[in-house]
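A.B. asks: Dropping the structure in here first, questions after.
There are 2 protein chains.
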Amino acid sequence: MAKTEYCALSEQTLNARIGQIDQVSNYLGGDPKSWDVKEVGDGNLNLVFIVTGASNALVVKQALPYVRMVGESWPLPLYRATFEHHALSRQAERDPGSVPHVHHFDESQALIVMEYLSPHVILRSKLIRGERVEGLGTFLGNFCARTAFRGSEFSMASEAKKADVGVFSGNVAIPAITEALVFTDPYYDAEMNNHNPVLDPVVEKLRSDVALKVAAQRMLQKFSSNTETMLHGDLHTGSVMCTDTESRVIDPEFAQYGPMGFDVGMLLANFLMSYFSQPAHRDPAELAAYQAWLIEQIISVIHQFNREFTRLWNSERTGMLYPTALFEDQGHSSADALHSTLSAIWEDALGICGIEMHRRVLSLAHNADFEQIEDVDKRGKLEARNLMMGRDLVLGRSGADPEQVICDLAARYNKEEVV
Amino acid sequence: MAKTEYCALSEQTLNARIGQIDQVSNYLGGDPKSWDVKEVGDGNLNLVFIVTGASNALVVKQALPYVRMVGESWPLPLYRATFEHHALSRQAERDPGSVPHVHHFDESQALIVMEYLSPHVILRSKLIRGERVEGLGTFLGNFCARTAFRGSEFSMASEAKKADVGVFSGNVAIPAITEALVFTDPYYDAEMNNHNPVLDPVVEKLRSDVALKVAAQRMLQKFSSNTETMLHGDLHTGSVMCTDTESRVIDPEFAQYGPMGFDVGMLLANFLMSYFSQPAHRDPAELAAYQAWLIEQIISVIHQFNREFTRLWNSERTGMLYPTALFEDQGHSSADALHSTLSAIWEDALGICGIEMHRRVLSLAHNADFEQIEDVDKRGKLEARNLMMGRDLVLGRSGADPEQVICDLAARYNKEEVV
């Protein structure tokens, strides 16, 4: 495709335009006119096509110049595709095999042609259907630990890391969405918010809680003024695709630099929302076992994150932070330094986790886990548990053991009648 | 001066080259050939000339492509003059009158022509001589609070602040100096270090203190991965010029984004080093009163920082952080949010303060306050007090009241025989 003015693709125009890219065309195989094209974008922002040729299939993802779920009234820069492409390259280096392979990138068209993951489906759908994925927690714990560590000055040379911070500083519009929708809007009656009216008394309680708002804003300050590592930035269960035995992370267009605990905290929140929503999705006979499996995945994410971070700390700590010159080379163990680093990461992660549990119920973009529950009273009871646990996490995370605090609160609120 | 290849100025070449800049030439007055030129750079990095014409005088500061105090073996990019120019402009906006006025900037020559401050002298020299400056603490408290607040997303629009972070992300070499010399080198036997041999037992103690090293590295991580505000970056008493009644801040070539507590913490450390060094500079009859005056300036910096930050919080909180929409507009006071923000700033500041007290005695660049004490035993006794207080600050700062902890520790160590 020539570097021409941006033009959104459609199922009708895609074959002709993508057919001009030799590399893509050869891989798909056959006459471009015969390719099968399906627009499948069910997300909030982009066009996503599955294109099937004679030999292979690919995904074509194209950014739209506005927020798809809202419309042209909310413009959003196309350059986000460039940052998504940057992020996919870096993630592929830092955790090989964890993200779809990129076949072609066209900056002017804000378009990425990438591996078609099949028979993978969105993890969130699998969790709503009560399906299990082998090795899920381990995969996600590794992804979070590897991208966090290898994108930071624990590992990278400072020049390279700082240059990359400069590159990502151009991505302003996307972080601005997170900043408002995640950290601020849930805690007051913001214009684009919506919530289940059953929750009114709980919402009133949260929005009158000054300590909660202070803690959420403190996390916002950290999120917006921190460049510890390159984040995925939107790592929920809708950004993970799985078969029953294999997982991949997709959609890093919200990539930015930020605190190392951000991705893993947001991810755990989405497992917890699945957990709290399960009474509406499972037969009573299956419920306890499936919720236990979800908790197992949470524990597994935490354990594997710690394990892999520790492994990288001991084997790849080549950056300027906590240098071996200061510890091991002096005959001093760096175990305390590692412990203090992990504590700080988990303190941030638990804060983000609680805030994500709030914003997905109170702000603009809700989760299917709850949204697919038609009975609003039933839904409200489950959402309320989730909101209250979120509050406890945001306020009580200092020095907490993440596994213990999450497991205890989840078990407790799962039985509680909040509304 | 034409945009030509960089060429370092000398007392011999300056008149002819600077004489070509009309704006500068008109301001200085008279025939450029008759201008008096004196190279007065006593710092570590640059050429500094005072140029006196028929009508006025100006300062011409030019970056050298290497570290002046070390030599050509340590190259340093000329672009630091550009960042100094950026910083001077921003500081002049954020705290009008606090920095020298810039008359001319030439990027290709890494050269800034600026206001000649007279009869100002470097604050550090005044403190060594036992002189007082009226309103010093208030001026510096205001400078730190105004530049911290107005350069952050408490005040700035996020787009503007993030674009500026992008601009400053190009400044890599200068932060790298701070990262190594300030945060890491003091805590092991780094190549460029030097210290008074009298201190050996104390140095051994500090360098075996794993908790101290962990805390210093945690601060390094914060310093290198934080973009809360634009810092001066090198705010010691050699970066302040004063008459007996007026003060200005100079030399922001170490400007970078970082934690809001950095500048004020480094500044207080330099007052404390002056305090601990005074027994070698003052007659016993004057000593107590002068040390008391120094402590008054420290208290005044802290009080004025808090007062001015509070005033700006209440009158200029227009950025996305802690928005009034979430607090005042809901009938909720933001006093707790302010308190938590100030606590976090002071926790960082006390950490930086302690680390600065270490690096100025143990790392490459020492302070005249101690260096001018010829008797190494006497000097060592005073330096040792300073080192031990630095340790207590780094390790005991969580939740501390800055005024109380600094005053208590200073009074205590001022009497203690550490070596």
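Residue numbers (this note's numbering), protein chains in the order written: chain A, 1 to 419; chain B, 420 to 838.
Note that beta-carbon positions come from the ideal geometry of N, C-alpha and C, so glycine has one too.
None of these values were measured; they are calculated from a predicted model.
1. Under 8 Å, do A:V37 and A:G137 count as touching if we go by C-beta distance?
2. If we count the other Cβ atoms within 10 Å of its Cβ and call it buried at 16 or more, is B:A630 buried or exposed?
3. Would you mind telling me which residues of chain A sit closer than 8 Å to B:D755, beta carbon to beta carbon, in chain order?
4. On a Cα-Cα basis, can you pick out the residue from A:V418, A:D200 and A:Q278 that is closest to A:Y290?
5. Please report the distance separating the alpha-carbon of B:E836 from that of B:V683.
6. Using the DSSP secondary-structure output, state which residues sit across from B:S666 in a beta bridge.
7. Helix, strand or coil for B:L466 per DSSP?
8. Under a CB-based cut-off of 8 Å, is B:H522 close to chain A?
9. Taking CB distances under 8 Å as the criterion, tell me whether A:Q221 reaches chain B.
10. Does any CB atom of chain B fall closer than 8 Å to the CB of A:R218?
11. Please check if any C-beta of chain A sits within less than 8 Å of the C-beta of B:A421.
12. Quick one: which chain B residues come within Cβ less than 8 Å of A:G53?
13. Does DSSP put B:K545 in a helix, in a strand, or in coil?
14. Do you know offhand how far A:G354's Cα is from B:E610's?
15. Here's the rule: buried if 16 or more other CB atoms are within 10 angstroms of the residue's CB, otherwise exposed. What is B:A421?
16. Taking the beta strand (DSSP E) that B:L530 falls in, what are its first and last residues?
17. Nearest to A:I50 by alpha carbon, out of A:M69, A:I18, A:Q404 and A:P65?
18. I need the boundaries of the beta strand (DSSP E) containing B:A763, first residue and last residue.
19. List the residues of chain B that A:K162 touches, going by C-beta distances under 8 Å, in chain order.
20. Compare the C-beta of B:G438 with all C-beta atoms of chain A and state if any pair is closer than 8 Å.
21. Alpha helix (DSSP H) containing B:K581: first to last residue?
22. Could you check which residue in B:L530, B:C563 and B:S693 has the C-alpha nearest to that of B:V668?
23. Is the CB of B:T432 under 8 Å away from at least one CB in chain A?
24. Taking Cβ to Cβ, would you say B:L812 is nearer than 8 Å to B:F695?
25. To the nearest angstrom, how far is the alpha carbon of B:S782 from that of A:L181?
26. I need the straight-line Cα distance from A:E39 to A:L47, nearest angstrom please.
27. Could you tell me whether the Cβ atoms of B:E598 and A:S152 are closer together than 8 Å?
28. Would you decide whether A:E204 is buried or exposed? Buried here means 16 or more other CB atoms lie within 10 Å of its CB.
29. According to the neighbour-count rule (16 or more other Cβ atoms, all chains shown, within 10 Å of its Cβ), is B:K632 buried or exposed?
30. Do B:E727 and B:G560 count as a contact pair if the criterion is CB distance below 8 Å?
31. Compute the Euclidean distance between the alpha carbons of A:I373 and A:F254, then round it to the nearest angstrom.
32. Verify the CB distance criterion: does A:V165 have a CB-CB separation below 8 Å to chain C?
33. If you compare alpha carbons, which of A:E246, A:C7, A:G396 and A:G399 is closest to A:D106?
34. Verify whether the separation of the beta carbon atoms of B:M679 and B:A506 is less than 8 Å.
35. Tell me, please, whether the CB atom of A:E228 is closer than 8 Å to any CB atom in chain B?
36. Give the interface partners of B:A744 over in chain A, defined as CB-CB distance under 7 Å, in chain order.
C.D. replies: The structure says:
1. no
2. exposed
3. V210, A211 and V214
4. A:Q278
5. 28 Å
6. B:C661
7. strand
8. no
9. yes
10. yes
11. Model confidence at B:A421 stands at a pLDDT of 49, short of 50, so the residue's coordinates are unreliable; what they give is reported in the following sentence. For B:A421, the answer is no, since every Cβ of chain A falls outside 8 Å of its Cβ.
12. The contacting residues do not exist; A:G53 stays about 41 Å from chain B at best.
13. helix
14. 46 Å
15. At B:A421, the pLDDT of 49 sits below 50, so the modelled position is not reliable and the matter cannot be decided from this model.
16. L530 to E534
17. A:I18
18. No beta strand (DSSP E) contains B:A763, which is instead part of the alpha helix (DSSP H) from A754 to L781.
19. S588, V591 and P594
20. no
21. S577 to F587
22. B:C563
23. no
24. no
25. 46 Å
26. 7 Å
27. no
28. exposed
29. buried
30. yes
31. 28 Å
32. No chain C appears in this structure, whose protein chains are A and B.
33. A:C7
34. no
35. yes
36. Y188
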